[in-house]
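Read through the structure below, which is laid out as structure tokens, and then see the notes.
As structure tokens, then:
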């Protein structure tokens with residue numbers, strides 16, 4: 001039996017992670033890091049919260065108080081902004097100040113190939129450190145990543161997908177994960193790109209004490225880049241954000257193809273989709289509730305939004321489910337005719353059975369950690385779906 005609930009839907013279909021390897025239960029940070037590394041098949045079960053804050057010390061240095069935070073402080077609105085760990089490739093547009101940050105959050109755990117990382121019940125928490133997936137055939141399920149220097153931009157990314165050199169990882173399923181209180185991106189796919197990637201049934205919680213937008217909502221959601229990236233974003237709850245929810249593309253010579261379906265976007269004070277150069281996104285069956293700007297209008301991006309069910313037939317050979325927009329700005333497509341990039345993933349798009357747009361039942365636990373038996377995104381239709389066992393670790397055939 002597998003500790004993984006269900007099987008990967010969407011582009012990650014067929015991903016097996018550590019497969020039938022005997023599960024290991026790390027008891028220390030050192031054991032966890034060792035288990036995740038290398039390319040040997042491993043199944044790693046988290047039965048507790050791992051606290052990384054303080055384990056690698058803190059660092060004090062000169063950082064930037066950007067103009068948006070200076071303005072935020074002047075407002076005296078009760079909200080706090082973010083200062084910045086200043087990278088060498090950009091300028092500080094405000095004033096230089098002393099900043100202090102926890103070093104563990106800027107040094108992620110490395111995940112090699114053929115790994116399954118799954119939390120039992122709601123116990124599996126990474127407090128103060130994220131993950132960097134460098135390998136292929138990886139499953140991350142039912143864990144919570146939180147508390148990565150939330151007061152600082154560049155304070156830490158929750159999940160980074162970055163190949164070794166120019167080798168793009170392939171086959172990654174991120175499912176029933178919760179991300180909260182981080183410094184920068186919730187999810188980032190770096191320049192190597194990644195294919196066979198699915199993010200499903202996850203809770204991207206932007207509620208934060210410190211926000212670049214000075215309103216208690218996290219701006220840095222998703223940054224999807226890469227020479228060639230193919231992503232299914234399905235059945236997720238993306239809420240209390242103010243931008244990059246998600247940002248896809250932005251660099252010449254790169255291509256990111258995304259099928260975004262059955263997600264629930266809620267309480268966004270800025271923008272959701274930012275589809276830029278090289279970004280190709282098909283959005284169907286999504287529900288936008290209280291989202292100021294469902295999309296940024298970038299003429300260089302390719303954003304396919306069906307206004308009628310039949311609008312998708314020319315691209316993927318079937319009708320689409322319409323998106324629903326409530327108490328939100330307009331959802332507009334861009335370069336609707338540029339659908340050629342979807343040809344390569346058409347069969348995978350059509351394997352996933354998109355349902356009508358709906359609000360996810362926030363109290364029902366059909367996303368995020370702790371309840372794997374009630375999914376917004378279905379499993380791959382050719383394989384069985386597990387049910388949650390009494391132990392909290394899910395069983396699957």
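In full-length UniProt numbering, the protein residues as written are 1 to 397. For each residue, glycine too, the CB sits at the ideal point set by N, CA and C. This structure is a prediction, so every number in the text was calculated from the model and none was measured.
Going by C-alpha to C-alpha distance, which of the options sits closest to residue i?
i	options	result
residue 171	37, 15 and 31	15
residue 228	255, 239, 213 and 377	255
residue 167	94, 193 and 217	193
residue 356	197, 322, 70 and 62	322
residue 173	208, 257, 347 and 137	137
residue 51	59, 124 and 292	124
residue 252	295, 258, 300 and 296	300
residue 129	290, 135, 275 and 53	53
residue 57	43, 79, 46 and 102	102
residue 35	112, 327 and 64	112
residue 179	201, 195, 196 and 197	201
residue 260	218, 131, 298 and 197	197
residue 273	17, 115, 33 and 329	329
residue 182	199, 158, 195 and 203	158
residue 358	352, 313, 281 and 262	262
residue 127	302, 114 and 146	146
residue 292	277, 313 and 270	270
residue 219	280, 314, 205 and 46	205
residue 343	258, 334 and 372	258
residue 334	143, 268, 296 and 75	296
residue 298	277, 18, 318 and 286	277
residue 303	318, 62 and 340	340
Considering only DSSP beta bridges, list what residue i is partnered with.
i	result
residue 275	248
residue 315	Looking at the DSSP assignment, residue 315 forms no beta bridge with any residue, so it has no partner.
residue 174	140 and 199
residue 162	According to DSSP, which records beta bridges pairwise, residue 162 is partnered with nothing at all.
residue 241	218
residue 398	Residue 398 cannot be examined here, being either before or after the span of the chain that is shown, 1 to 397.
residue 59	101
residue 11	Beta-bridge pairing links residue 11 to no other residue.
residue 83	152
residue 3	The partner list for residue 3 (beta bridge, DSSP) is empty, contrary to what the question assumes.
residue 64	84 and 96
residue 233	199 and 260
Could you tell me the distance, in whole angstroms, from the CA atom of residue i to the CA atom of residue j?
i	j	result
residue 86	residue 288	34 Å
residue 26	residue 188	26 Å
residue 307	residue 99	48 Å
residue 265	residue 5	24 Å
residue 121	residue 241	26 Å
residue 39	residue 22	15 Å
residue 169	residue 184	22 Å
residue 20	residue 191	32 Å
residue 245	residue 94	26 Å
residue 367	residue 7	15 Å
residue 208	residue 84	16 Å
residue 305	residue 284	7 Å
residue 177	residue 369	6 Å
residue 48	residue 311	48 Å
residue 135	residue 222	20 Å
residue 290	residue 41	43 Å
residue 332	residue 294	8 Å
residue 383	residue 350	Its pLDDT being 29, under 50, residue 383 is placed unreliably by the model, and the measurement read from it follows with that caveat. Rounded to whole angstroms, residue 383 to residue 350 spans 15 Å at the Cα level.
residue 64	residue 119	37 Å
residue 248	residue 28	36 Å
residue 154	residue 354	35 Å
residue 12	residue 234	11 Å
residue 348	residue 316	10 Å
residue 152	residue 30	26 Å
residue 320	residue 243	26 Å
Between which two residues does the beta strand (DSSP E) containing residue i stretch?
i	result
residue 42	42-46
residue 28	Looking at the DSSP string, residue 28 is not in any beta strand (DSSP E), and its letter there is neither H nor E.
residue 115	115-119
residue 292	287-295
residue 109	109-111
residue 348	Taken as a continuous stretch (DSSP letters only), residue 348 belongs to no beta strand (DSSP E), being part of the alpha helix (DSSP H) at 346-351.
residue 305	That residue, residue 305, is in no beta strand (DSSP E); it is neither H nor E in DSSP.
residue 151	Here residue 151 belongs to no beta strand (DSSP E), and DSSP marks it neither H nor E.
residue 127	125-127
residue 50	49-51
residue 260	255-261
residue 326	324-326
residue 188	187-189
Kindly indicate the opening and closing residues of the alpha helix (DSSP H) around residue i.
i	result
residue 73	67-75
residue 147	No alpha helix (DSSP H) contains residue 147, which is instead part of the beta strand (DSSP E) from 144-148.
residue 180	Premise fails: residue 180 lies in the beta strand (DSSP E), 178-182, not in any alpha helix (DSSP H).
Does residue i come within less than 8 Å of chain C when only Cβ atoms are used?
i	result
residue 272	As a matter of chain content, chain C is missing from the structure shown, which is built from one protein chain.
For the 8 Å Cβ check, are there 3 or more pairs between the segment 74-93 and the segment 160-176?
no
Can you find at least 3 beta carbon pairs, one from the segment 65-74 and one from the segment 207-214, that sit closer than 8 Å?
yes
Does the segment 231-239 come into contact with the segment 102-114, if we say contact requires no fewer than three beta-carbon pairs (one atom in each stretch) closer than 8 Å?
Too few Cβ pairs lie closer than 8 Å, so no.
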